[in-house]
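Note sheet for the following structure.
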Amino acid sequence: MKRALTVALLVVVAIPLLYAVAQLPQHGSPMTPPYTHISPRYLEKGPEEAGAENIVTDVILNYRGFDTNGEVTVIFTSLAAVCAVLLGSRKGDERPAGEPSSSAVPVSDVVSFVVRLLSPLIAIFAVYVMLFGHISPGGGFQSGAILAALVIVTTVIVGRKQAEALVPVRIRRLLQVAAPLTFFVVGVSGLFLFGDYLAYPKTEGQMWLATAWLIVIGIGIGVGGAAVLASIFWTMGDDS
Amino acid sequence: MPASALLVGVIIIPLVGAVLTPVVGGRSGRAAGPWALAVMLVTSAIALMLIVHVANVGPFSAYLGGWEPPYGIELRFDEFSASTSVICLLGTLSILFSFKYAEKELPPERIRYYYTLLLLNLTGMIGFVVTGDIFNLFVFMEILSLSGYALVAVSGERTAEMAAFKYLIMGAVSSLMVLFAIGLLYALTGSLNMADISVRLAGAEKAPAMLAIAAFTVGFMVKAALFPLHIWLPDAHAIAPSPVSAILSGLVVKTGLLGMIRIYQIYYGAKVLDLSALNTVLVWLGAISIVMGAFFAIFQEDIKMMLAYSTISNVGYIIMGLGLASQYGVIGAAVHIFNHALIKATLFLGAGAIIYRTGYRNLTDLRGIGRSMPLTTAAISIGAISIVGMPPTAGFLCKWYIALGAVEAGQPLFAVALVFGALFIFVYYIRMVNTFYFQEPVHPEILEVEEAPLSMLFPVLILAALCLIMGILGRIPLSFVEPAVTRLLAPLGG
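Protein chains in written order, with my numbering: chain X, 1 to 240; chain R, 241 to 734.
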């Protein structure tokens, strides 16, 4: 009965939804507002006035850089949320004693060998994605995810102690907020040099500076994102 | 400093302050509280300057990155954005109140993250109310929602974690609705700037525009806890730490309402749809919320649970005022957003101080507390008469305006619902005040309890004083928002 009601309700909701979506301008057609209003300027002028060959990078780090400033803050918020909810948990909340924890399962030699073999290559690839985000697909977020994956895989294979050395304890809190801090530094520089927060140089002669700032932000997002993801992984894995 | 730089600063300073809190706070977290307080004081100063500026010259903008809209992101500070002031005020006082609370109730490892999340939550709300770009609004909504979920769970009790989880599920669906609606608007107009959307929406297809406003309404009304989307609120607001309850009940639910005002600004201006059907639904749901919230509040034993239900009731007033779409109604609603924040913070922080000292939260257990904590209970009593809406307190003028709005819109019956709700509210607050002062204590030790510590007492007394001051100076906010409301409703008249 309950299931039948749910289905009936879903159908009732779906009909107006489908009807309204069918009335939208045809998806993907070059004559629709998303393609005729703002995008042409991004596509035509992006590389000249925003500093990066990769137009996606132009939009997320320059034209709409403030959104990305907010998004990296969302990522940091998730870390703060995990720490605030999980750190210093009271005793008694733990799983019953005697249940084997995941770390008790030995890692296969093959997996261990392959990970060790690939680690340097993963690291190099992450740095490549980070530094070439303004030219080719990629950028800070992607490289941050790759770096974090590297740290997490290393944690599983060689143990947490050695892996933690990759994100040094003394500056870890700063690394975790590298992304919003980089935005802040670049943003305030823009405010003082060009009059607006997150303003990049727009004249042709100074384009190199815009590109350099895009790369700096990319590095900030990559390093910060990796530190946040790795820290979330470690915090959630804490048994104490 | 140019106003546009200050406008950016009011978001960026608390944001950077928040991300630096874990660094500054240190392992013990002892420095985190004073740091957060300092950050909020600076932010409040900036907010004040912005409000003075908007009162002098009217709404103004900042273009981020120097890209003019619609290509870049625009921040726009109008009279509704002046709610930044109450966000800063409540934020500052709640942080001060948290000093003793965090020390006593939280594991030391969590303290610095607690303040980090508080600052992030406030940053999210400030960004939400000052942005003029609809996707940017969503980004800030994510910041304030995520930090809100975690703040509910921060005490680490099982019930708190369950409440936070419920809040998270409802909140995630509501965020999804809002994002979906933004996508629809983008497909229709190709723009993300609110003013630009409003212009371009005029010639758009009606059905998707209607779906978009429906999705916005549902999404924002979950955040605002309008009946029947309120089910997450009582647990989350009652179980959260008291300073967090004050922020959630006073401010976070209001972001849903302010978001709704932004959507109205877009749609009224575009004149693409006749919104009277939606407004009728909202007025009815508002009226049901008023009565239901007040009715359930009567049966609560837990003092914070009672306050939480009262929030549902008050959100009903504001929605009713907005839905009436008449000059008086909307002005009353806009000012009640501000006044209810003050009143509810007084009550939640006062209740928090009592719970901090006694450890009890049920009304029966708290009998006679008025004798041992006279200042705190006096402040709560002021909050109580304000929320009922008795003159000369902060609650009176805005409820009066909403009632006038109902008459002005030709629907005087809703004014009756409003008075009826106020009567229910009167009953449960009289019950609370009666318990505090006139009943014999169940626990004799309650008479031995000390008055709240100064860092808790000070915010509560300031807020109680403001409840009275805003009652006497109530005309100032009313005339302050009037031009904005006139602009909002102007397209309807023509």
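Yeah, the Cβ is synthetic: ideal placement off N, Cα and C, and Gly gets one too. Remember, predicted model here, so these are calculated numbers, not experimental data.
Can you round the beta-carbon distance between residue i and residue j to whole angstroms, since I take them to be within the 8 angstroms contact cut?
i	j	result
R/A476	R/Y407	4 angstroms
R/L718	R/I594	With a Cβ gap of about 33 angstroms, R/L718 and R/I594 do not count as contacting.
X/V167	X/A230	6 angstroms
X/I146	X/A178	Not a contact, Cβ separation roughly 16 angstroms.
R/I530	R/G661	4 angstroms
X/F76	X/V216	Not confirmed; about 18 angstroms, so no contact.
R/T495	R/F588	So it is not a contact: roughly 17 angstroms between Cβ atoms.
R/M710	R/F337	Not a contact, Cβ separation roughly 20 angstroms.
Terminal residues of the continuous alpha helix (DSSP H) containing residue i?
i	result
R/A390	I374 to A393
X/L175	R172 to Q176
R/E685	No alpha helix (DSSP H) contains R/E685, which DSSP labels as neither H nor E.
R/N519	S516 to I538
R/Y354	P348 to V370
X/D238	No alpha helix (DSSP H) holds X/D238; DSSP gives it neither H nor E.
R/E343	T324 to E345
R/N602	No alpha helix (DSSP H) contains R/N602, which DSSP labels as neither H nor E.
X/Q162	R160 to E164
R/F660	P652 to F678
R/Y504	V493 to A510
R/E722	R715 to G733
R/I622	P614 to V628
R/S485	S482 to I487
R/G459	K446 to A464
X/T36	P33 to T36
X/I60	From DSSP, X/I60 is part of no alpha helix (DSSP H); its letter is neither H nor E.
R/H477	L473 to I479
What three-state label does DSSP hand residue i in the structure shown?
i	result
X/P9	It should be noted that the sequence gives Leu, not Pro, for residue 9 of chain X. Here X/L9 sits in helix by DSSP.
X/P54	It is worth fixing the name first, because residue 54 of chain X is Asn in this sequence and not Pro. Looking at X/N54 - three-state DSSP - the assignment turns out to be coil, as it is neither helix nor strand.
R/D436	helix
R/D542	strand
X/V107	coil
X/F76	helix
X/S231	helix
R/A704	helix
R/S244	helix
R/S431	coil
X/F194	helix
R/E308	coil
R/W640	helix
X/K202	coil
R/H580	helix
X/A84	helix
R/M560	helix
In terms of residue numbering, what span does the beta strand (DSSP E) encompassing residue i cover?
i	result
R/A302	F300 to Y303
R/R270	R/R270 -> no beta strand (DSSP E), and no H or E assigned at all.
R/E314	E314 to F317
Pull up the distance between the alpha-carbon of residue i and that of residue j, whole angstroms please.
i	j	result
X/V11	X/Q23	19 angstroms
R/F539	R/T598	22 angstroms
X/A186	X/F194	The residue asked about is misnamed: residue 186 of chain X is Val in this sequence, not Ala. X/V186 and X/F194: Cα-Cα distance of roughly 11 angstroms.
X/L17	R/A565	27 angstroms
R/V700	R/I471	28 angstroms
R/G635	R/L703	13 angstroms
R/F460	R/L488	15 angstroms
R/A442	R/A486	40 angstroms
R/A527	R/L515	18 angstroms
R/I716	R/A444	39 angstroms
X/P106	R/E349	32 angstroms
R/I670	R/I453	40 angstroms
R/F320	R/W275	29 angstroms
X/V188	R/G305	10 angstroms
X/M236	X/Q142	22 angstroms
X/A210	X/D67	18 angstroms
R/S438	R/A510	5 angstroms
R/E648	R/L522	17 angstroms
Does the segment 619-627 of chain R come into contact with the segment 717-731 of chain R, if we say contact requires no fewer than three beta-carbon pairs (one atom in each stretch) closer than 8 angstroms? no
Would you say the segment 542-555 of chain R touches the segment 454-465 of chain R, given that touching needs at least three Cβ pairs under 8 angstroms? yes
Contact between the segment 372-381 of chain R and the segment 306-315 of chain R (3+ Cβ pairs under 8 angstroms): yes
Please determine if the segment 380-389 of chain R and the segment 285-295 of chain R are in contact, where contact requires at least 3 C-beta pairs separated by less than 8 angstroms. no
Can you confirm whether the segment 598-614 of chain R touches the segment 351-367 of chain R when touching is taken to mean that 3 or more C-beta pairs between the two stretches lie within less than 8 angstroms? no
So, does the segment 331-351 of chain R touch the segment 292-300 of chain R, judging by three or more C-beta pairs under 8 angstroms? no
Flag this pair as touching only if the segment 650-660 of chain R and the segment 574-585 of chain R have three or more C-beta atom pairs under 8 angstroms; answer yes or no. no
Contact between the segment 43-60 of chain X and the segment 320-330 of chain R: three or more CB pairs below 8 angstroms? In short, these stretches do not touch, since the Cβ pair count stays below three.
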